[in-house]
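In the numbering used here, the protein residues as written are 20 to 370.
Ideal Cβ positions, reconstructed from N, Cα and C, are used throughout, including at glycine.
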Ligand code: KG4
Ligand code: ZN
């Protein structure tokens, strides 16, 4: 029996187990992470090494540097995740890994490591879509949450409104036509000389600013529930440059607050339009930008007003981590979605 066949034979026993523990690895961008998750819902350990300091110098993620840092850190993160969970590799039931979307060189490090571990320990290998992982961060925070629900995924690379119809079954309701929300935050932050990744710092600065100080356009999109951030970003950058050229004194906190308010009201209004027109009683947030304090407050208010049940990931699970990958993997493992050793990175993988 080859590796994959021997794993398939184990699946019925695994599905019948009370406690299924998955070791998950995430390396799609600039976080090297490993975690152990039980039954898709309980975090036994969650180790994250963030490479932010390595990339801040260049104002963005440098793929070559990211890949090399993943190579250096991935074993250590796996060791730490197992140790923190009080487990050995032999004790876990499966190995999960993000295989896309993301930077190809970065993804390959996690995929290669997961394949080696899965083969050496003769455990099933579960490939996970990174965006699905972000959505599943909600399962770790809300043990009662089950599909169907709608989910607004806003990260550095993606801005999508999904209908989560079942575990692992998604339908796109709307998506950005250009930049992702996180990317827009990072670029707006850059003109304010905020270091990479600017989103979290811009968010903090905005707390003390006046959101009405700078008027920004409302983006237009073709699809009713689609997004677009590139025009908003350009309008913001032009306004800042023009004012500087004219020698006008601008307050950075006011600028940050104005930009944040424009992005957030656009995100919330479209999500609420979809919720009302498509009759969506439950809505979740996911992705790095779901840590944005105004987005969380405005979504809470908008959902409360309409009687929509809102779910948000815990703050430490909004950004990239491996626990969310371990959650998504559990539901795939139960359905027998496992891979052989030919698994490859898929940088442009879609959900
Ligand atoms: O999900 P994530 O960690 O990585 C991707 O899959 O892209 O998202 C990272 C993005 C970055 O653009 C970062 O600036 C943004 O999320 N972000 C924020 C906040 N925290 C992280 N944007 C706005 N406000 C925040 N508080
Ligand atoms: Zn992410």
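- The chain-ordered list of residues whose CB is nearer than 5 angstroms to some heavy atom of the ligand ZN reads 174 and 339.
- Secondary structure of residue 179 (DSSP, three-state): strand.
- A direct Cα-Cα distance of roughly 32 angstroms separates residue 185 from residue 281.
- A residue is called buried when at least 16 other Cβ atoms come within 10 angstroms of its Cβ; residue 227 does not meet this threshold and is exposed.
- Taking the C-beta atoms as reference points, residue 143 is found no nearer than 8 angstroms to residue 327.
- Annotation for residue 148: the continuous beta strand (DSSP E) segment containing it runs 144-148.
- Closest option to residue 321, judged by alpha-carbon separation, among 272, 66, 302 and 369: 302.
- Restricting attention to beta strand (DSSP E) runs no shorter than 3 residues, the stretch 61-139 encloses them at 61-69 and 113-119, ordered along the chain.
- Using a cutoff of 7 angstroms, the CB of residue 216 counts as near the ligand KG4, since one of the ligand's heavy atoms is closer than that.
- Counting the other Cβ atoms within 10 Å of the Cβ of residue 120 gives 16 or more, which makes it buried.
- Each residue's CA atom was taken as its position, placing residue 85 and residue 367 some 18 angstroms apart.
- For the 8 angstroms CB-CB criterion, residue 269 and residue 262 form a contact.
- Per DSSP, the beta-bridge partners of residue 185 are 188.
- Between residue 116 and residue 140, the C-beta gap is not smaller than 8 angstroms, which leaves the two residues out of contact.
- Per DSSP, residue 50 is one residue of the beta strand (DSSP E) stretching across 50-57.
- Here the distance from the Cβ of residue 153 to the nearest heavy atom of the ligand KG4 is below 7 angstroms.
- Beta-carbon to beta-carbon, residue 273 and residue 232 are separated by about 3 angstroms, close enough to satisfy the 8 angstroms threshold.
- Ranked by Cα distance from residue 306, the first of 248, 72 and 180 is 180.
- Taking 8 angstroms as the cut-off, the beta carbon of residue 342 is found closer than this to the beta carbon of residue 54.
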